[in-house]
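Enquirer:
Number of protein chains: 2
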Amino acid sequence: MGEFELLAALRERLPTAGPRLVLGSGDDAAITVPGGAVATSVDALVEGVHFRRETASLRQIGRKALSTALSDLAAMGAEAGEAYIVLGAPEGMSEAELLELGEGMAAVAGETGTAIAGGDLTRAPVLTLAVTVTGYAARAEDFVTRGGARPGNALVVTGELGGAAAGLVLIEEPGLAAAAFGADATDLATFDRGKQARPRDLDLVSADALRRRQLDPTPLLAAGHALAEAGATAMIDVSDGLAGDANHVAVASDALLTIDADALPIAPGVAAIAAAADRDPLELAASGGEDYELFAALPPDAVVAAQRALVALGMPLTVIGQVESAGIAGPRAELRRRGGEALPSRGFDQLRPRKPR
Amino acid sequence: MGEFELLAALRERLPTAGPRLVLGSGDDAAITVPGGAVATSVDALVEGVHFRRETASLRQIGRKALSTALSDLAAMGAEAGEAYIVLGAPEGMSEAELLELGEGMAAVAGETGTAIAGGDLTRAPVLTLAVTVTGYAARAEDFVTRGGARPGNALVVTGELGGAAAGLVLIEEPGLAAAAFGADATDLATFDRGKQARPRDLDLVSADALRRRQLDPTPLLAAGHALAEAGATAMIDVSDGLAGDANHVAVASDALLTIDADALPIAPGVAAIAAAADRDPLELAASGGEDYELFAALPPDAVVAAQRALVALGMPLTVIGQVESAGIAGPRAELRRRGGEALPSRGFDQLRPRKPR
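Chains A and B, in that order, give the protein sequences. Residue numbers 1 to 357, in this note's numbering, belong to the letters of the first sequence in order. Residue numbers 1 to 357, in this note's numbering, belong to the letters of the second sequence in order.
Okay, here's the thing in C-alpha cells:
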C-alpha cells in the first residue's frame, strides 16, 4: 500500500461526516460552515514522551490522542466538531498497525460525534500524533475560558482525582503495584478475588479502573457543556495536575483560588497505591495530572443546578474551594489542608526531563 | 525557561491578532467567529524526512513549515486566517534556536496576514512541526476544490516549474552543482560573475533563485484568490510534482487531463542542472515537486482575464493543456511531448523510503 491507498483505507474506517462539514479529507483542505463560533485546540502525543508502546496498545494510543485533544474542547463547554490528524509513523510500523491506531481514533470519534475531516501521514523516527480539534457554540461568549472566575465564585471539580497518576504507577512499577495489592509480584497471578483486603489494599476492580484512567481517559464533553449551561465563569481540564491547572485559572482570572485539599475527591485505590509508593495520596490527586476531569468556577447559586446536571450524567461535582481577590500577593491557587498547612503548588512541565510513560 | 515562559516568549514574537480571532493562544482553545465558510488543512515537517538542519537554517525551516501549509489554502482560493503550531523539539535544542524557528514563522505570518492562534510544545526525538491552517471565503462554494474540472476547460499553471527540484540538487550534490556552473568545485569560490556562460551553464543569480525556491517557497495566496475570482473550476498546489498533482485533479474531477509537456514553463537554470545531473529537465519540472505553484482548470473564455490578473501580481500564467472526458480508460493525467510520446506520470510518495532533504 502506498500513501494514498493507506489514507483511503484509513478514511474508510473513520467517521467522516458532520453537520458543519461540507467537504472532508482528500482535497487541499476540508471545508466547514460553522454558522457560529469555533473553538480550536491542538495537542501532540510523542512515543517515549507521552506514551510507551510496551504499555499501551495502538488502539489505546489512538483513543488517547483524540480524547485528550477533545478534553480541551470539553473545558470550553464546546460541542465537538471535527478533528484533523497528523500521523508520523516510524519505518517498521505495518499498515495493520496504522489501521489499529486509526480504529482507536474512529471509536472515540464515533462516541463523541467528531468527524475526522483531514490529516497528514508522514514518516517520523517514533510514533507521533498531532491532533487539531474544532468545537462549536452559537456565540463566542458561550465558550467558557480560563479567565472569568470572580471573587465569591465556588470552585468545583467533576469526578475523581489521582486515578491517572496511580494508574501510571500500576503500569510502570509492577513491584509497587504488588505491594499495593498486599501481595508480592509472584502472587499476583493467583491473587484471590474473594480475600478480605486490608484497608490500604487495592482491589482488582479499582486497579483496572486506575489503569484505564491512565490509558484511556474520557473527554467530558457533555459535562463541560452542562457546566457552561449552568453558568460556569471559568473552566479548565485537569491535564497538568489540579494545582497547576488551578494556577492557570487564577492567573487568567487575576484571582486568588483557595482550595481545600481535604475536600478533593480521590479515586478509589489511589490511597493504596500512594501507601505502597510511600507518597501522599493528595500529591497524586493534586499534582499527578492526566485525570482529564473538569475544574470550574461557578456563581454560588448555580452550584446545586450544576450538581444535578452532572448527577444526570453519572458523575459527582464536588465543591473544593472558592475564588477571592488576588490582593497584593498577586493571582495564584493555594491548596490548604484543614490544619492550615499550604501544599506546594506543583504543575507538570512538559519540557522538564522526565521518565517516559 | 520552562514550557510556559518559552511559550510566552514565542507568543511575543508572533502575530496573534486577526479579524476573526476572538481569543488566541493561552486558553484551552482559541475562539474564532468565521462568519462564512472555513477551509482547514494540516501539514507536517519532520527533520530527516522533509528537511535537514545541515542545509536549512531554523529560520528557513520555520518559514517553510508555515508556507507549505498556507499553500494548500492558496489552492482553495482562500483568504489566510489562523495557524496552530505543534512544535516537537529535540533535547539539545536551545531556547534561542526555538525562538529563531518562531521568528521564521512569524515572518511568513506577517507577510500573509496569518494570526498564530494556538499551539503545543513538546519534546520529540527530532525537530517536528505540524501546522494546521484555516482560511476563509464568504460561502463554501467560493472555495475551489480539485473536483470541478470539466471537459473543454483549459489547464493552466502559475510561474515556473522544476526550480525546487533543481535547487535540491544544488544543495545536496555540490559536485553536480559545480558541473552545472561549468567549473569544478574548487573554482566556485572565485567564479567570475562577468564570464560568458555557455548555454547550459548556470549563472549565480539563477542558482540562488533555485536554492531559495527549495528552501523558502512562497504560498501563492493572492494568485489563488485571483484564479478563484476568475472562475477556476479546479485547483491544486504543485507539491508532489505536476504529473502527480494533475492526476489528483483528474481523479477528483473524473476527467482526462492532457498536458503538453513542451509547454511547461521551466525555471531558468533547471536545464543546466538537469544536464549536469544527466536528467531530463522535463523530469525535474513534471515530477520534482515542491514548486508550490498553482495548477488550475479554467473555462477557456476566462483564461485571458486570469492571465491579466496574474501579470498584475507579477507572475505568468501558462496554458499547458486541456480537460477531456475520462472515457473508458478512466480518469488520468497524461503528459505528452509534441512528438506524441507519453511521459511516465510519476508522483512523489511520502512513505516511499528516500533520501532525507
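We put the beta carbon where it would ideally sit given N, CA and C, even for glycine. Small disclaimer: the values here were computed from a predicted structure and weren't measured.
With DSSP collapsed to three states, give me the class of THR16 of chain A.
Expert: For the purposes of this step, residue 16 of chain A is identified with residue 16 of the first sequence, where counting begins at 1. If DSSP states are grouped into helix, strand and coil, THR16 of chain A belongs with coil.
Enquirer: Give me the residue from A:MET105, A:PRO125, A:ARG123 and A:THR128 with the minimum Cα distance to ALA117 of chain A.
Expert: Along the first sequence, one-based indexing puts residue 117 of chain A at 117. Answer by Cα proximity: A:MET105.
Enquirer: Residues of chain A with CB under 7 Å from SER41 of chain B, in chain order?
Expert: By 1-based counting over the second sequence, the position of residue 41 of chain B is 41. Ordered by position in chain A, the residues that pass the 7 Å Cβ test against SER41 of chain B are ASP28, ALA29 and GLY118.
Enquirer: At least one CB of chain A closer than 8 Å to the CB of PHE143 of chain B: is that the case?
Expert: Residue numbering aside, residue 143 of chain B sits at position 143 when the second sequence is read from its first letter. Closer than 8 Å: yes.
Enquirer: Can you check whether the CB of GLY289 of chain B is closer than 8 Å to the CB of ALA164 of chain B?
Expert: As a working note, residue 164 of chain B is residue 164 in the second sequence. As a working note, residue 289 of chain B is residue 289 in the second sequence. The answer is yes: Cβ separation under 8 Å.
Enquirer: I'd like to know whether the C-beta atoms of ALA109 of chain A and LEU221 of chain A end up nearer to each other than 8 Å.
Expert: Along the first sequence, one-based indexing puts residue 109 of chain A at 109. Along the first sequence, one-based indexing puts residue 221 of chain A at 221. It is not a contact, given that the beta carbons lie outside the stated cut-off.
Enquirer: So which of A:ILE31, A:LEU310, A:ALA306 and A:ALA326 has the shortest CA-CA distance to LEU142 of chain B?
Expert: As a working mapping, residue 142 of chain B is identified with position 142 in the second sequence. For the record, residue 142 of chain B in the displayed sequence is Asp; it is not Leu. For the residues A:ILE31, A:LEU310, A:ALA306 and A:ALA326, the minimum Cα distance to ASP142 of chain B belongs to A:ILE31.
Enquirer: Comparing alpha-carbon positions, which option in A:ARG139, A:GLY330, A:ALA130 and A:PRO316 lies nearest GLY35 of chain A?
Expert: For the purposes of this step, residue 35 of chain A is taken as the residue at position 35 of the first sequence. If we check each option's Cα against that of GLY35 of chain A, A:ARG139 comes out closest.
Enquirer: What is the DSSP secondary structure of ARG213 of chain A, counted as helix, strand or coil?
Expert: In the first sequence, counting from the first residue as 1, residue 213 of chain A sits at position 213. Here ARG213 of chain A sits in helix by DSSP.
Enquirer: Using a beta-carbon distance cut-off of less than 9 Å, what residues from the segment 95 to 113 of chain B approach chain A?
Expert: So the list is empty, because no residue satisfies the distance condition.
Enquirer: Note down the Cα distance separating GLU173 of chain B from VAL270 of chain B, rounded to an integer number of angstroms.
Expert: Residue mapping note: residue 173 of chain B aligns to position 173 of the second sequence, counting from 1. Residue mapping note: residue 270 of chain B aligns to position 270 of the second sequence, counting from 1. Spanning the two alpha carbons is a distance of roughly 14 Å.
Enquirer: Would you verify that the beta carbon of ALA80 of chain B is, or is not, closer than 8 Å to some beta carbon of chain A?
Expert: The residue labelled residue 80 of chain B in the question sits at position 80 within the second sequence. It does not: the Cβ of ALA80 of chain B has no partner Cβ on chain A nearer than 8 Å.
Enquirer: If we cut at 8 Å on Cβ distances, does LEU70 of chain A have a partner in chain B?
Expert: Here residue 70 of chain A refers to the residue found at position 70 when the first sequence is read from its first residue. By this cut-off, LEU70 of chain A is not an interface position.
Enquirer: If you draw a straight line from the C-alpha of ARG20 of chain A to the C-alpha of VAL33 of chain A, how long is it?
Expert: If you number the first sequence from 1, residue 20 of chain A lands on position 20. If you number the first sequence from 1, residue 33 of chain A lands on position 33. The straight-line gap from Cα to Cα measures roughly 5 Å.
Enquirer: If you check the beta carbons only, do ALA250 of chain B and ILE259 of chain B fall under 8 Å apart?
Expert: What you label residue 250 of chain B is simply residue 250 of the second sequence in a count that begins at 1. What you label residue 259 of chain B is simply residue 259 of the second sequence in a count that begins at 1. Going by C-beta atoms, ALA250 of chain B is not nearer than 8 Å to ILE259 of chain B.
Enquirer: Using Cβ-Cβ distances below 8 Å, what residues of the segment 318 to 331 of chain A are close to chain B?
Expert: Cβ contacts with chain B: none found.
Enquirer: With a CB to CB cut of under 6 Å and the five nearest residues on each side skipped, what residues in its chain are close to LEU215 of chain A?
Expert: Stepping through the first sequence from its first residue, residue 215 of chain A is reached at position 215. For LEU215 of chain A, where only same-chain residues beyond five positions count, the Cβ hits under 6 Å are ALA56 and GLN60.
Enquirer: Closer than 6 Å by C-beta to VAL42 of chain A: which residues in its own chain qualify, once you throw out the five before and the five after it? Chain order, please.
Expert: Locating residue 42 of chain A in the first sequence gives position 42, where the first residue counts as 1. Excluding residues within five positions, the ones whose Cβ falls inside 6 Å are THR132.
Enquirer: Please check the pair VAL169 of chain B and ILE266 of chain B, which I expect to be a contact at CB under 8 Å, by giving their CB distance rounded to whole angstroms.
Expert: Translated into the one-based positions of the second sequence, residue 169 of chain B becomes position 169. Translated into the one-based positions of the second sequence, residue 266 of chain B becomes position 266. Contact doesn't hold; Cβ gap of about 14 Å is too wide.
Enquirer: Looking at C-alpha atoms only, which residue of A:THR40, A:GLU54 and A:LEU98 is the closest neighbour of TYR84 of chain B?
Expert: The residue you call residue 84 of chain B lines up with position 84 of the second sequence. Measuring from the Cα of TYR84 of chain B, the nearest candidate turns out to be A:THR40.
Enquirer: Fully enclosed by the segment 231 to 280 of chain B, which alpha helix (DSSP H) runs are 4 residues long or longer?
Expert: Runs of the alpha helix (DSSP H) inside the segment 231 to 280 of chain B: 242 to 253 and 270 to 276.
Enquirer: Per DSSP, what kind of secondary structure is ILE328 of chain A in: helix, strand or coil?
Expert: Taking the first sequence and counting its residues from 1, the one referred to as residue 328 of chain A is at position 328. Three-state result, ILE328 of chain A: coil.
Enquirer: Among the candidates A:PHE181, A:GLU334 and A:PRO219, whose CA atom is the shortest distance from the CA of ASP208 of chain A?
Expert: To locate residue 208 of chain A, count along the first sequence from 1; it is residue 208. For the residues A:PHE181, A:GLU334 and A:PRO219, the minimum Cα distance to ASP208 of chain A belongs to A:PHE181.
Enquirer: For the beta strand (DSSP E) that ASP43 of chain A lies in, which residues bound it at each end?
Expert: As a working mapping, residue 43 of chain A is identified with position 43 in the first sequence. Here the beta strand (DSSP E) through ASP43 of chain A covers 37 to 46.
Enquirer: Do you know offhand how far ILE236 of chain B's Cα is from GLU293 of chain B's?
Expert: For this step, residue 236 of chain B is matched to residue 236 along the second sequence. For this step, residue 293 of chain B is matched to residue 293 along the second sequence. When rounded, the distance between both Cα atoms is 9 Å.
Enquirer: Helix, strand or coil for ARG338 of chain B per DSSP?
Expert: Position 338 of the second sequence holds residue 338 of chain B. Of the three classes helix, strand and coil, the one that applies to ARG338 of chain B here is coil, per DSSP.
Enquirer: Going by beta-carbon coordinates alone, are ALA149 of chain A and VAL323 of chain A separated by less than 8 Å?
Expert: Against the first sequence, residue 149 of chain A aligns to sequence position 149. Against the first sequence, residue 323 of chain A aligns to sequence position 323. Taking 8 Å as the Cβ cut-off, ALA149 of chain A and VAL323 of chain A qualify as a contacting pair.
Enquirer: Please state whether the Cβ-Cβ distance between GLY77 of chain A and LEU227 of chain A is less than 8 Å.
Expert: Position 77 of the first sequence, counted from the start, is the residue given in the question as residue 77 of chain A. Position 227 of the first sequence, counted from the start, is the residue given in the question as residue 227 of chain A. Contact: yes.
Enquirer: Does ALA34 of chain B have its Cβ less than 8 Å from a Cβ in chain A?
Expert: For the purposes of this step, residue 34 of chain B is taken as residue 34 along the second sequence, with counting starting at 1. The sequence given here places Pro at residue 34 of chain B; Ala does not occur at that position. PRO34 of chain B counts as touching chain A.
Enquirer: If you measure beta-carbon to beta-carbon, which residues of the segment 234 to 259 of chain B are closer than 8 Å to chain A?
Expert: Those residues of the segment 234 to 259 of chain B that come within reach of chain A (Cβ to Cβ, closer than 8 Å) are MET235, ILE236, ASP237 and ALA252.
Enquirer: Determine whether the Cβ of TYR84 of chain A lies closer than 8 Å to any Cβ atom of chain B.
Expert: As a working note, residue 84 of chain A is residue 84 in the first sequence. Output row for TYR84 of chain A: interface = yes.
Enquirer: Anything in chain A within Cβ reach of GLY135 of chain B, meaning under 8 Å, just list it in chain order.
Expert: Locating residue 135 of chain B in the second sequence gives position 135, counting from the first residue. Neighbours of GLY135 of chain B on chain A, chain order: ALA29.
Enquirer: Is any beta-carbon of chain B found at less than 8 Å from that of ARG123 of chain A?
Expert: Position 123 of the first sequence holds residue 123 of chain A. Yes, its Cβ sits closer than 8 Å to a Cβ of chain B.
Enquirer: Hey, out of B:LEU101, B:ALA65 and B:GLU82, whose CA is closest to LEU6 of chain B's CA?
Expert: Within the second sequence, the letter at position 6 stands for residue 6 of chain B. Checking every option, the nearest Cα to that of LEU6 of chain B belongs to B:LEU101.
Enquirer: Could you check whether PRO219 of chain B and SER376 of chain B sit closer than 8 Å to each other, using their CB atoms as the reference points?
Expert: Examination of residue 376 of chain B is not possible in this model, given that chain B is present from 1 through 357 alone.
Enquirer: Under a Cβ-count criterion, where at least 16 other Cβ atoms within 10 Å of its own Cβ denotes burial, should VAL311 of chain B be classed as buried or exposed?
Expert: As a first step, residue 311 of chain B is located in the second sequence; it is residue number 311 there, counting from the start. So VAL311 of chain B ends up on the exposed side.
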